[in-house]
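Student:
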Amino acid sequence: MAYAAVLCQNLRMDRRQKKSFSNRNYLDILAISCDSFDEETNQLIGRAQGRKSHIENLYKICSWCQQYKVAFKINSVINTFNVHEDMTEHINQLNPVRWKVFQCLLIDGENAGEAALREAERFVIEEQQFQEFLDRHSGVPCLVPESNEKMRNSYLILDEYMRFLDCREGRKDPSRSILDVGVKEAILFSGFDEKMFLKRGGKYVWSKADMKLEW
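Sequential numbering of the sequence shown, starting at 1, is according to my numbering.
#1: For N111, which residues from the same chain have a beta carbon less than 6 angstroms from its beta carbon, with the 5 sequence-adjacent residues on both sides left out?
#2: Quick test of your reading: E85 and D38, contact by CB under 8 angstroms. State the CB separation rounded to the nearest angstrom.
#3: Can you have a look at Q103 and say buried or exposed, based on whether 16 or more other CB atoms are within 10 angstroms of its CB?
#4: Report the start-end ranges of each alpha helix (DSSP H) in the region 112-196 that is 4 residues or longer and not cut off at the edges.
#5: Alpha carbon to alpha carbon, what distance is there between S147 and F130?
#6: Between the region 190-201 and the region 154-171, can you find at least three pairs of beta-carbon atoms closer than 8 angstroms?
#7: On the three-state DSSP scale, how would you describe S33?
#8: Compute the Euclidean distance between the alpha carbons of A115 and L106, then round it to the nearest angstrom.
#9: Rounded to whole angstroms, what is the Cα-Cα separation between C34 and L188?
#10: Identify every residue that forms a DSSP beta bridge with K100.
#11: Are L143 and V97 touching if we call contact CB-CB under 8 angstroms?
#12: My understanding is that A48 touches I29, with C-beta atoms under 8 angstroms, so please give their C-beta distance in whole angstroms.
#13: For the beta strand (DSSP E) that A5 lies in, which residues bound it at each end?
#14: With a threshold of 8 angstroms, are at least 3 pairs of Cβ atoms found where one atom belongs to the region 202-209 and the other to the region 168-187?
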């Protein structure tokens, strides 16, 4: 049986989009990016939604997931603007199946360097700062932390040309397309670290049928 998960980088989901997955039973997990529960911090980070409350929308989408029996997940990138925040109360109230907490990672050509699509150097935090954030939230049962070391090479990433992206050198170096050489050949140039993938908890139950959640 196939399973499906969707990651939404912002909270601009309207009722039409809600209806598109509520009428079907194919969606197992909806993951939403939320870096702060402080509206001013969201403004600084760039997560604000104009006059709409980022936090109110997060709670609204969480309630939709409960209503339509879709597992709810939160992703947070920890950076200089939110590293001292205590998110415990909100995370416990939202009660996601997983709360992925990432240390802000620089990738040359994407968010660092001369050819970067956006600039993220000012968001970078030290390992010790990240650990202090994790210690502050150690009582949150759904917390899944990912430092730069755990994250960099433990994902299989495909671009729009169906090429694996190798991040071992701190940038995204593409393989040949799987449409041309097949998965078996292309994956050799992906830089994928299977041991780290397993170490960071990449293999887990994510079918909502197997999660046995109480709706």
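Glycine residues also receive a C-beta, built at the ideal position from the N, C-alpha and C atoms.
Owing to the predicted nature of the structure, the values given are computational and were not obtained by experimental measurement.
Tutor: According to the structure shown:
#1: R118 and A120
#2: 7 angstroms
#3: buried
#4: 127-136, 148-151, 178-181 and 183-186
#5: 8 angstroms
#6: yes
#7: strand
#8: 13 angstroms
#9: 34 angstroms
#10: N75 and V144
#11: no
#12: Between I29 and A48 the Cβ distance is about 25 angstroms, and since that is not below 8 angstroms, they are no contact.
#13: A5 to C8
#14: no
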